[in-house]
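Enquirer: Quick note on numbering: the sequence shown equals residues -27 to -1, 1 to 365 in mature numbering (1 follows the signal peptide of the UniProt record, and there is no 0).
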Amino acid sequence: MKEAFQKCTAAVLALLLILMPAMPSQAQSEPTPQPPQAQSPQLSLHEYLQKPYEELFELAPSLTFSAAEVEQERQALKRGEGSCHGRFKDHSKLYGKQLDGARKELKKGGSGLANKPRHALHCQIQNLELLRSEADVLSGQAIPNAYDNLNAKLNLLLQWPEQNRLALAAIADGTYDQRRWADVKDIGFREIASGQESDIKRGQDAVDELKRTGLLPPEVESKAVQQYVKTVADRVAQHSDLKVPLHVVVLQSKEINAFALPGGYLFVERGLLEAVDDEAQLAGVIAHELAHVTARHGAKLMKRATIAGIFFQAAQIAAVVLTGGVAGIGLYYALQYGYYGLGLVLNLKLLGISRDYELEADQLGIQYAWNAGYDTTGSFASSTRWPPKKAT
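1) Given that a residue counts as buried once 16 or more other Cβ atoms are within 10 Å of its Cβ, and exposed if not, what is residue 109?
2) What does the alpha-carbon distance come out to for the pair residue 128 and residue 74?
3) Would you call residue 156 buried or exposed, if buried means 16 or more other Cβ atoms sit within 10 Å of its Cβ?
4) Should residue 235 and residue 179 be called a contact, given that it needs their Cβ atoms to be closer than 8 Å?
5) Helix, strand or coil, according to DSSP, for residue 228 in the structure here?
6) Can you confirm whether the segment 98 to 116 touches the segment 57 to 69 when touching is taken to mean that 3 or more C-beta pairs between the two stretches lie within less than 8 Å?
7) Would residue 204 be called buried (16 or more neighbouring beta carbons within 10 Å of its own) or exposed?
8) When the Cα of residue 338 is compared with those of 97, 272, 24, 263, which residue comes out closest?
9) Going by DSSP in three states, residue 238 sits in which element: helix, strand or coil?
10) Using the Cα positions of residue 342 and residue 80, report the straight-line distance between them to the nearest angstrom.
11) Here's the rule: buried if 16 or more other CB atoms are within 10 angstroms of the residue's CB, otherwise exposed. What is residue -14?
12) Looking at residue 253: is its Cβ nearer than 8 Å to the Cβ of residue 347?
13) Straight-line CA distance for residue 164 to residue 240?
14) Keeping to the same chain, check which residues put their C-beta closer than 6 Å to that of residue 103; ignore five residues upstream and five downstream.
15) Could you pull out every residue in the same chain whose Cβ sits closer than 8 Å to the Cβ of residue 194, ignoring the five residues on either side in sequence?
16) Within this structure, are the beta carbons of residue 21 and residue 130 separated by less than 8 Å?
17) Between the C-alpha atoms of residue -1 and residue 64, what's the straight-line distance to the nearest angstrom?
18) Would you give the residue range spanned by the alpha helix (DSSP H) that residue 92 belongs to?
19) For residue 233, which of helix, strand or coil comes out of DSSP?
20) By the three-class DSSP mapping on this structure, what secondary structure does residue 58 have?
21) Cα separation between residue 265 and residue 115?
22) Distance, Cα to Cα, residue 172 vs residue 272?
23) Using DSSP's beta-bridge definition, name the partner residues of residue 220.
24) Determine the closest residue to residue 34 out of 137, 99, 192, 19, with distance taken between C-alpha atoms.
25) Give me the residue from 32, 50, 86, 107 with the minimum Cα distance to residue 66.
26) Can you grab the Cα-Cα spacing for the pair residue 32 / residue 16, in whole Å?
27) Identify, in the order they occur along the chain, each residue of the same chain with its Cβ nearer than 7 Å to the Cβ of residue 69, setting aside the five sequence neighbours on each side.
28) Can you round the beta-carbon distance between residue 169 and residue 269 to whole angstroms, since I take them to be within the 8 Å contact cut?
29) Name the two residues that bound the continuous alpha helix (DSSP H) containing residue 243.
30) Please determine, among 118, 133, 154, the residue with the shortest C-alpha to C-alpha distance to residue 336.
31) Select from 261, 95, 243 the residue whose C-alpha is nearest the C-alpha of residue 213.
32) Work out the CA separation of residue 120 and residue 40 for me, nearest whole Å.
33) Taking only the alpha-carbon atoms, compute the straight-line gap between residue 124 and residue 23 and give it to the nearest angstrom.
34) For residue 131, name the three-state secondary structure that DSSP assigns.
35) What is the residue span of the alpha helix (DSSP H) that residue 192 lies within?
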């Protein structure tokens, strides 16, 4: 039954998310660079939405689409999301009814029920609970985020050419210095958010809570690995706005993930180390996480929920993926634009947290990695390439 559901789910997601078109100063003296001449696209608008973000940034200035094409694609995305969401919402209701029936049958049998049919009912209930959980994750989180991605790419194609022109003009006339956190020459001496020191105890309490509830994986035993990651993290931290001591731990987990807690507690999972292409990409992830600390995002988040509660929800979602659940297909799309595993679950729509936090961490993180001497071009590319899976 589960295998049949997974095959059906995979087919639905593949059709709706991929084949959906089938559905009804010195600079002041230099001239401002001109964008490439717009030309008719060689692919359909929907086909362009399947490309990674970094490629779309390069292509957007040379593409133009009619208002009718844009509106047609928006409506197709709307229909696709509604169809996908409704399908798995119905699956969840169906599994709920089947669960009720199985539990009633188990209760009806009572103590007189033979071991073999009792065991069969136990297995059926367990399987139905997993199937309902997968359907709930898909309808409630993965599908909405997947279509948010597609809409974000559509907006990128439409808005980036003008935004790029304005950015180049701002660089040429020097007004880019007026943007928020443009004072990159003052990194380490400026203040992003006051009160980092007050987060130390909050972060330590969160670490203790995670350990007590068993939600924190064990540490990697290799001292060489721990020291290497600490060296990279320290280099980034020394070129950031971090005002508190940095504590770095590498966790023995195959998830491609890193996350930071308030007060300077950084956790990097082994799967991330195996997934990055080079040290610059690792530094980019670390810089992003440190930016959450310097901007005190975690402290603001923890005012809304306990850290154990947050990670418990994260673990539930991750479990669907890491146990081989087909929800991983949808979550692949959901995680295309954001940072890795539990780090993403700590923000964005999965917990109702403002996307502004992620944009702030992206902006500051790139500044920190750049200031530390790393190539920052790989940081963005990696966020659109790695699927949320276990490292091999």
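Here a beta-carbon is modelled for each residue, glycine too, at the ideal position from N, C-alpha and C.
All values derive from a computational prediction rather than experimental measurement.
Expert: In short, the structure shows the following:
1) buried
2) Their backbone Cα atoms lie some 46 Å apart in a straight line.
3) exposed
4) Cβ distance < 8 Å, so residue 235 and residue 179 count as in contact.
5) strand
6) yes
7) exposed
8) 263
9) Here residue 238 sits in strand by DSSP.
10) 59 Å
11) Note that residue -14 has pLDDT 41, beneath the 50 cutoff, so the model's placement of it is unreliable and the number below is only indicative. So residue -14 counts as exposed.
12) yes
13) 24 Å
14) none
15) Annotation for residue 194: 225 place their beta carbon closer than 8 Å to its own, counting only its chain and skipping 5 residues before and after.
16) Closer than 8 Å, so yes.
17) Unreliable placement is indicated for residue -1, whose pLDDT of 36 sits below 50; the coordinate value is still reported in the next sentence. Using only the alpha carbons, I get a separation of about 58 Å.
18) Boundaries of the alpha helix (DSSP H) harbouring residue 92: 88 to 110, taken from the DSSP string.
19) strand
20) Secondary structure at residue 58: helix, using DSSP grouped into helix, strand and coil.
21) 24 Å
22) 7 Å
23) Note: residue 220 is bridge-paired with 238 in the DSSP secondary-structure output.
24) Out of 137, 99, 192, 19, 137 has the C-alpha closest to the C-alpha of residue 34.
25) 107
26) Cα-Cα distance, rounded: 12 Å.
27) 105
28) 7 Å
29) 243 to 248
30) 154
31) 261
32) 20 Å
33) 11 Å
34) helix
35) No alpha helix (DSSP H) holds residue 192; DSSP gives it neither H nor E.
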